[in-house]
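Each remark here refers to the structure printed beneath this line.
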């Protein structure tokens, strides 16, 4: 059963290695899902807003990692 | 027509490149196991794992057909986003010299030594070789299965192109392994991972948007646009991270 345990661990590791990074992504998705229907945002830019938030999270996480390594 | 090609072409390429990376990593270990402990048990272990993975794909493919598409797109998109952005972040940090590059030659050496330390097995059937080859094929194969399903499940009729990409990668790596008989150390693994991270992040963002009923300008043509946007973003982040660091040596 060791191989099964390894696979479960591996599957979790596929999605999460930095907990705060994964959490920030999930929170942003929840915000977009919860907020966009209530705000008067033109529907043509909602996809762009989703991408912009994810881009910011990626940039912040990568640069924070490099700062921490110094 | 154009829309389906935008979708199908990117699905095949993403699936092929992602699977290629996983197959190269599995090949390194299988070569180490086979060359030290014998090919029969190593290849049987790998073949058994591939059979198990095919059963999983068949079962999941049938089950996924019963889930409403928007829910599937949201769930698969979220997982793909977590997976793709994690991969892209690591590739950016590797390119910036923040974390070590993966070295197939060193990984082969390490696995070969580990197999030697376990002593030689019986001539006919070697449980250790079978288990080692089975484990690595299951581990890397599970990632391939997830990638194929995640890329293929978000849109009707995309599972076949995604599967074809993965099968092509498996055949290419197997053929190279048979011909060269050594790890594929010259494959630019981090460049591939960088590209795959970009592709998977773009697909994940698109699927999540579809699942949330967000509007994408240009419909399916947003996928190439998202790929371009993530690529530009990632290339811009690398120097930001690099300026703060010094290169680190490769890791097995």
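Residue numbers (this note's numbering), protein chains in the order written: chain A, 4 to 73; chain B, 472 to 723. Backbone N, C-alpha and C define an ideal beta-carbon position, used for all residues, glycine too.
Taking C-beta pairs closer than 8 angstroms, name the residues in chain A that residue i reaches, listed in chain order.
{"i": "residue 552/B", "result": "28, 32, 57"}
{"i": "residue 712/B", "result": "65, 66, 68, 69"}
{"i": "residue 564/B", "result": "65, 68, 69"}
{"i": "residue 708/B", "result": "61, 62, 65, 66"}
{"i": "residue 704/B", "result": "58, 61, 62"}
{"i": "residue 559/B", "result": "61"}
Using a beta-carbon distance below 8 angstroms, is residue i in contact with chain B?
{"i": "residue 65/A", "result": "yes"}
{"i": "residue 38/A", "result": "no"}
{"i": "residue 69/A", "result": "yes"}
{"i": "residue 72/A", "result": "yes"}
Determine, using beta carbons only, whether residue i comes closer than 8 angstroms to chain A.
{"i": "residue 698/B", "result": "no"}
{"i": "residue 617/B", "result": "yes"}
{"i": "residue 608/B", "result": "no"}
{"i": "residue 567/B", "result": "yes"}
{"i": "residue 508/B", "result": "no"}
{"i": "residue 556/B", "result": "yes"}
{"i": "residue 549/B", "result": "yes"}
{"i": "residue 694/B", "result": "no"}
{"i": "residue 499/B", "result": "no"}
{"i": "residue 584/B", "result": "no"}
{"i": "residue 630/B", "result": "no"}
{"i": "residue 614/B", "result": "yes"}
{"i": "residue 473/B", "result": "Model confidence at residue 473/B stands at a pLDDT of 47, short of 50, so the residue's coordinates are unreliable; what they give is reported in the following sentence. No, because no Cβ of chain A sits closer than 8 angstroms to the Cβ of residue 473/B."}
What residue range does the alpha helix (DSSP H) around residue i cover?
{"i": "residue 576/B", "result": "575 to 588"}
{"i": "residue 527/B", "result": "510 to 535"}
{"i": "residue 678/B", "result": "660 to 682"}
{"i": "residue 686/B", "result": "From DSSP, residue 686/B is part of no alpha helix (DSSP H); its letter is neither H nor E."}
{"i": "residue 31/A", "result": "22 to 38"}
{"i": "residue 606/B", "result": "598 to 624"}
{"i": "residue 66/A", "result": "49 to 72"}
{"i": "residue 19/A", "result": "Note, residue 19/A: premise wrong, no alpha helix (DSSP H); not H, not E."}
{"i": "residue 694/B", "result": "693 to 713"}
{"i": "residue 649/B", "result": "630 to 651"}
{"i": "residue 541/B", "result": "540 to 566"}
Identify the contact partners of residue i in chain A, using a Cβ-Cβ distance below 7 angstroms as the criterion.
{"i": "residue 683/B", "result": "35, 36"}
{"i": "residue 588/B", "result": "Neighbours of residue 588/B on chain A: none; closest Cβ ~18 angstroms, over 7 angstroms."}
{"i": "residue 531/B", "result": "Here the premise fails: no neighbours, minimum Cβ distance about 13 angstroms."}
Show which residues of chain A have a CB atom less than 9 angstroms away from the CB atom of residue i.
{"i": "residue 420/B", "result": "Outside the displayed range of chain B (472 to 723) lies residue 420/B, so it cannot be described from this structure."}
{"i": "residue 453/B", "result": "Only positions 472 to 723 of chain B appear in the structure, and residue 453/B is not among them; the question remains open."}
Kindly examine the ligand SAH and report whether one of its heavy atoms sits closer than 7 angstroms to the Cβ of residue i.
{"i": "residue 496/B", "result": "Looking at this structure, you won't find the ligand SAH or any other ligand, since it has none at all."}
### Residues from the region 43 to 54 of chain A in contact with chain B, defined by Cβ distance under 7 angstroms
46, 47, 49, 50, 53, 54
### Message
Can you pull out the residues from the region 653 to 680 of chain B whose beta carbon lies closer than 7 angstroms to at least one beta carbon of chain E?
### Response
Going by chain labels, chain E is absent from the structure shown, which instead holds the protein chains A and B.
### Query
Which of the residues in the region 5 to 35 of chain A, read from start to end, lie with their CB under 8 angstroms from any CB of chain B?
6, 9, 10, 13, 14, 17, 18, 19, 20, 21, 24, 25, 28, 29, 32, 35
### Message
Would the region 580 to 591 of chain B count as touching the region 689 to 706 of chain B if we require 3 or more Cβ pairs under 8 angstroms?
### Response
no
### Message
Taking contact to mean 3 or more Cβ pairs, one atom from each stretch, closer than 8 angstroms, check whether the region 510 to 526 of chain B and the region 663 to 679 of chain B are in contact.
### Response
No contact exists between the region 510 to 526 of chain B and the region 663 to 679 of chain B.
### Query
Is there contact here, the region 602 to 614 of chain B with the region 691 to 711 of chain B, by at least three beta-carbon pairs under 8 angstroms?
no
### Task
Decide if the region 548 to 560 of chain B is in contact with the region 53 to 70 of chain A; the criterion is three or more beta carbon pairs, one per stretch, under 8 angstroms apart.
yes
### Message
Between the region 570 to 583 of chain B and the region 646 to 663 of chain B, can you find at least three pairs of beta-carbon atoms closer than 8 angstroms?
### Response
yes
### Message
Does the region 538 to 551 of chain B come into contact with the region 671 to 679 of chain B, if we say contact requires no fewer than three beta-carbon pairs (one atom in each stretch) closer than 8 angstroms?
### Response
yes
### Query
Can you find at least 3 beta carbon pairs, one from the region 531 to 550 of chain B and one from the region 637 to 650 of chain B, that sit closer than 8 angstroms?
no
### Task
Would you check if the region 616 to 631 of chain B and the region 527 to 545 of chain B touch, i.e. whether three or more CB-CB distances between them fall below 8 angstroms?
Judged by Cβ distances under 8 angstroms, the region 527 to 545 of chain B makes contact with the region 616 to 631 of chain B, as three or more pairs qualify.
### Task
Could you say if the region 559 to 571 of chain B and the region 480 to 496 of chain B meet the contact criterion of at least three C-beta pairs nearer than 8 angstroms?
no
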